Each structure stands twice: as C-alpha cells, then as structure tokens.
Amino acid sequence: MWIFLMLICAAEPVPVPALKTLDEIRIRDPFVLPVKETGVYYLYGTGWPLGEPGFDAYKSRDLEHWEGPFPVFRSDKDYWGQKDFWAPEVHPYKGRYYMFATFSPKSDGYRGTAILVADRPEGPFVPHSEGPVTPPDWATLDGTLFIDDEAQPWMVFCHEWEQIGDGAICAVRLSEDLAQSEGAPATLFHASAAAWVNGAEFGNRKGLITDGPWLHRNQDGSLLMLWSSFGKDRQYMTATARSASGKIIGPWEVSSSAIFEKDGGHAMLFQSFEGTQVLSIHQPNGKPKERAKFFTVDFSNNEIRLKAPLLSGITGSRQKEVISLP
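Using the numbering used here, the first residue of the sequence shown is number 177, and each one after it goes up by one.
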C-alpha cells in the first residue's frame with residue numbers, strides 16, 4: 177500500500193511557475209541585475225504587484241520570460257519608510273547585495289533614499305542604513321550607487337523640485353560599509369541647465385524636475401550620466417550629461433537635447449550574459465500602461481547608439497536611433 181501511494185505521489189507533476197512577458201508586467205523604474213554565476217536576471221521596480229507595501233521582483237534566464245512576482249522586502253510598522261516605495265536598485269558590493277530605494281515616512285519628514293541589505297538577490301532585504309542617507313531636511317529621491325576609481329562609494333540622487341523649484345542632481349560620499357553618508361552633498365547640476373527641459377505641473381505646482389540618475393564609465397575615462405525629466409508636450413524624456421574629468425563632482429556638461437523623447441525614462445544600463453550592453457527604461461510614463469523596454473546599446477566612436485529594441489513591453493514598431501554623447 178505504501179509503495180502504491182509513493183508511486184502515485186512520484187507521478188504527480190511538479191508545478192511549473194507561470195511565466196510572464198514584459199507586456200504582462202506593469203512596472204516603473206525598471207532595474208535589471210544580471211547574476212552571471214547563476215545565469216539569472218532579476219527585475220526590480222516601482223509597483224506593488226502582490227498588493228503589499230514593499231518591493232517585489234521577477235527573474236528570468238532569457239530577458240523574455242519572467243517568473244514572479246515574489247517579495248524581496250516588506251516594511252513593518254516600525255520602519256522609517258512607510259510610503260512611496262519607489263525606484264529600487266540592487267547592487268552587489270563586497271559579497272552582499274545592497275538595495276538603494278526611495279521611501280517617505282508616514283507623517284512628518286521628507287522623502288529620501290535608504291539602503292537595505294541581503295545575502296541573496298531574492299532577499300529578504302532588511303534595513304541597513306538608519307533611515308535615509310540623504311539629508312533629513314531635504315526632499316529627495318532616486319539614489320544610485322557608484323564606486324569611483326579610488327574605491328570610494330558615492331550616492332548620486334535627486335533634490336526634488338517640490339522643495340527647490342529647479343530640481344537638482346547631487347552626490348554624497350558614503351561610508352565604506354554603505355551604512356551612512358559622509359560629509360555634505362555636492363550639487364552636480366540643476367534641471368534648468370538642460371535647454372530641452374520644460375516645467376511640468378502636478379496639481380497646482382509647477383517645477384523643473386530631475387529623475388533617475390545612472391552613471392556609466394566610458395572607455396576614455398569620462399563619466400556618462402543618464403537622467404530624466406519632462407520636455408515639450410509634457411513628454412517624459414531621457415538625456416545625458418558628461419563629466420570629462422571622470423570625477424563625480426565634475427564639472428558636468430549637460431546635453432542640450434534629450435536622447436529619448438517618446439515618453440520613456442528612468443534609464444539604467446546592464447550587460448547581458450552574451451556581453452551586450454542594454455539600456456532599460458519604462459515607457460510610456462502614464463498610468464497604468466507603464467512597461468519595461470530594453471534597447472541594445474553601442475558605445476563605439478564616442479556615441480550612444482540605441483539599436484532596435486532588444487525586447488519591449490510596449491507593442492509597436494521597432495525603432496532605431498543614433499545618439500551622440502554631449
């Protein structure tokens with residue numbers, strides 16, 4: 177009898193996780209972490225697909241079929257961040273995984289970036305910094321990690337237009353263990369430095385917005401920054417800035433035109449397991465249609481070349497664009 181039951185159990189099919197394409201995943205601020213050792217890509221972003229406050233993720237082996245969502249962080253009642261769970265980025269650093277994410281407190285205080293940590297990309301992530309590592313009296317968002325040539329960790333982030341009118345992109349040094357900031361932030365540039373930026377109005381307020389900075393080291397040693405704002409016709413756009421010195425503190429030369437004008441932004445770059453550079457954005461920006469969109473990228477001849485989309489969560493024609501660095 178026992179042998180018969182064991183045979184029945186052994187014959188039962190193992191459940192296969194349901195896979196999704198990018199068209200089926202509503203997401204903003206998509207961030208892709210490739211883990212070469214396991215051959216898995218992890219997709220994090222803004223959104224509560226499981227309906228609980230925190231962050232969820234997806235995973236894939238081919239960038240096309242995604243398993244998930246699964247929870248990677250949940251905020252409890254005692255945690256500083258209780259609202260605005262935005263723009264998570266996960267960075268490997270010294271053998272662990274650090275999540276930089278935007279939060280707001282429940283009542284008093286300002287939105288800011290805090291740092292979480294986990295031993296695996298799947299989490300669970302737990303608080304690492306004591307609240308935000310951005311200034312507590314600043315309204316900020318979208319912190320990203322960059323390690324300079326002297327192994328100094330920096331966080332680049334946005335000082336919000338809601339507080340200062342002309343939004344800024346700033347940088348601050350972090351401690352070696354990424355637990356806190358060190359010293360005062362430096363302002364790298366303001367949104368008004370870009371001729372293509374138009375004021376966007378939300379409610380009864382209008383300002384010049386900075387969103388989603390991302391840094392990339394060019395072959396010539398200079399630093400490329402991707403960032404987003406609103407341009408003509410209130411289109412969400414992606415642009416570049418360049419530090420010819422290769423230093424975080426610049427000086428930064430801001431491009432006079434956007435590189436992507438079709439209502440897509442909050443860009444980041446990652447390398448596929450085949451060695452291809454890929455740019456990720458969400459497009460369109462309007463709710464509830466936001467989806468991740470991936471472009472292959474070529475950096476030859478000191479230009480960014482966005483080729484036909486590698487994979488797109490937006491049904492439509494394939495595009496080809498050539499974009500020069502500033």
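The beta-carbon is built from N, C-alpha and C at its ideal position, and this holds for glycine as well. Computed from a prediction, not measured in an experiment: that's the story for all the values here.
Leu226 (DSSP reduced to helix, strand or coil): coil
Identified DSSP bridge partners for Lys423: Lys423 is not bridged to any residue.
Closest residue to Phe333 among Thr289, Tyr234, Trp224, Leu195 (Cα-Cα distance): Thr289
Three CB pairs or more closer than 8 Å across the region 243-263 and the region 218-235: yes
Candidates Leu364, Arg349, Val454: closest to Glu509 by CA position: For the chain, the structure presents residues 177 to 502; residue 509 sits outside this window and is missing.
Per-residue burial, Ser405 [other beta carbons within 10 Å of its own, 16 or more giving buried]: buried
Between the CA atoms of Ala233 and Ala194 - distance to the nearest angstrom: 14 Å
Per-residue DSSP class, three states only, for Leu384: strand
Residue burial classification, Gln328 (beta-carbon count within 10 angstroms, cutoff 16): exposed
Where Ile340 falls: helix, strand or coil (DSSP): helix
Cβ shell of Lys196 (< 6 Å), same chain only, five flanking positions each side left out: Trp242
Proximity below 9 Å, CB of Pro303 to CB of Trp256: yes
His392 versus Leu399 - alpha carbon distance: 6 Å
Residue environment, Gly343, which counts as buried when at least 16 other CB atoms sit within 10 Å: buried
Three-way DSSP call (helix, strand, coil) for Ser351 in this model: coil
Reduced DSSP category for Leu486 - H, G, I as helix; E, B as strand; rest coil: strand
Same chain, Cβ closer than 6 Å to Ala420, neighbours up to 5 away in sequence not counted: Ser398
Rounded straight-line distance, which links the Cα of Asp260 to that of Thr222: 9 Å
Under the three-state DSSP convention, the category Gly448 falls into: Note on identity: in this sequence residue 448 is Ser, with Gly being the wrong assignment. Ser448 falls in the coil class under three-state DSSP.
Enclosing beta strand (DSSP E) for Tyr524 [first to last residue]: Coverage of the chain is limited to positions 177 through 502, which leaves residue 524 absent and any answer about it impossible.
Buried versus exposed, by CB contacts within 10 Å (16 or more), Ser500: Here the model assigns Ser500 a pLDDT of 35, short of 50, so the residue's position is not dependable, and the following value carries that caveat. Label assigned to Ser500: exposed.
Inter-residue Cα distance where the pair is Glu377 and Asp387: 15 Å
Which residues DSSP lists as bridging Asp474, in chain order: Arg481
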